Amino acid sequence: MDEHRRFHIRFRARDADIDELGHVNNAVWVTWIQDVSVAHWLTAARPQDRDRFVAVVLHHEVDYRGNVRAGDEVSAITWVIRAPRGARYARCVEFHAEDGRTIVASLTQWALVDRETGKLARVPVEVAAPFLSDDTAQKEIG
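The sequence shown begins at 9 in the numbering used here and counts up one residue at a time.
Structure below.
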């Protein structure tokens, strides 16, 4: 299932995304980090897993390395960096300018919540599998 390991999407900065300094506001970047991560989950996760779990953010680390202005497009790529540990898993997101430079890079700690109980849930092997190479899943989960 390696075809789902990395997920790509594009964003175009709108006028509403721009702060007083003339570039995309930091809060917008955090929203885009969540948007690309959720889109990856919705694309790669099995329907029964999407119905059973919801992912929540525990911690963000964001490095801002450049600016984007209204009308500019960025390419976002995200991936889960290793097998989950308990309920937690780490996801990287990078945003690249048209010239390929990394503009923003983030590492976010996520956790799965069981929709029925509202509590954190250990990530089952079969839920993590679509996001990891078979080799990584075997080594780190099993």
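From the three backbone atoms N, C-alpha and C, an ideal C-beta is built for every residue, glycine too.
Only a predicted model underlies this, so the values are computations on that prediction, with no experimental measurement involved.
**Asked** For Pro92, is the classification buried or exposed, using 16 other Cβ atoms within 10 angstroms of its Cβ as the cut-off for buried?
**Response** buried
**Item:** Counted within 10 angstroms of its Cβ, other Cβ atoms place His16 as buried (16 or more) or exposed
**Value:** exposed
**Request:** Figure out for me which residue from Leu120, Ser141 and Arg130 has the closest Cα to the Cα of Leu66.
**Result:** Leu120
**Sequence-distant residues of its chain with Cβ nearer than 8 Å to Gly150 (five each side left out)** = Interpretation of Gly150 is limited by its pLDDT of 35, a score under 50 that renders its predicted location unreliable; the figure taken from the coordinates is listed afterwards. Cβ within range, chain order: Val133.
**Item:** Helix, strand or coil at Phe139 [DSSP, three-state]
**Value:** helix
**Asked** Start and end of the beta strand (DSSP E) containing Arg99?
**Response** Arg96 to His104
**Asked** When the Cβ atoms of the segment 98-117 are set against those of the segment 41-51, are three or more pairs found closer than 8 Å?
**Response** yes
**Prompt:** Which residues in the same chain as Ala129 place their Cβ atom closer than 7 Å to its Cβ, once the five residues preceding and following it in sequence are excluded?
**Reply:** Phe61, Ala95, Leu120, Val121 and Asp122
**Simplified DSSP state of Lys147, which is helix, strand or coil** = With a pLDDT of only 46 at Lys147, under the threshold of 50, the placement of this residue in the model should not be trusted; the figure read from the coordinates follows. If DSSP states are grouped into helix, strand and coil, Lys147 belongs with the helices.
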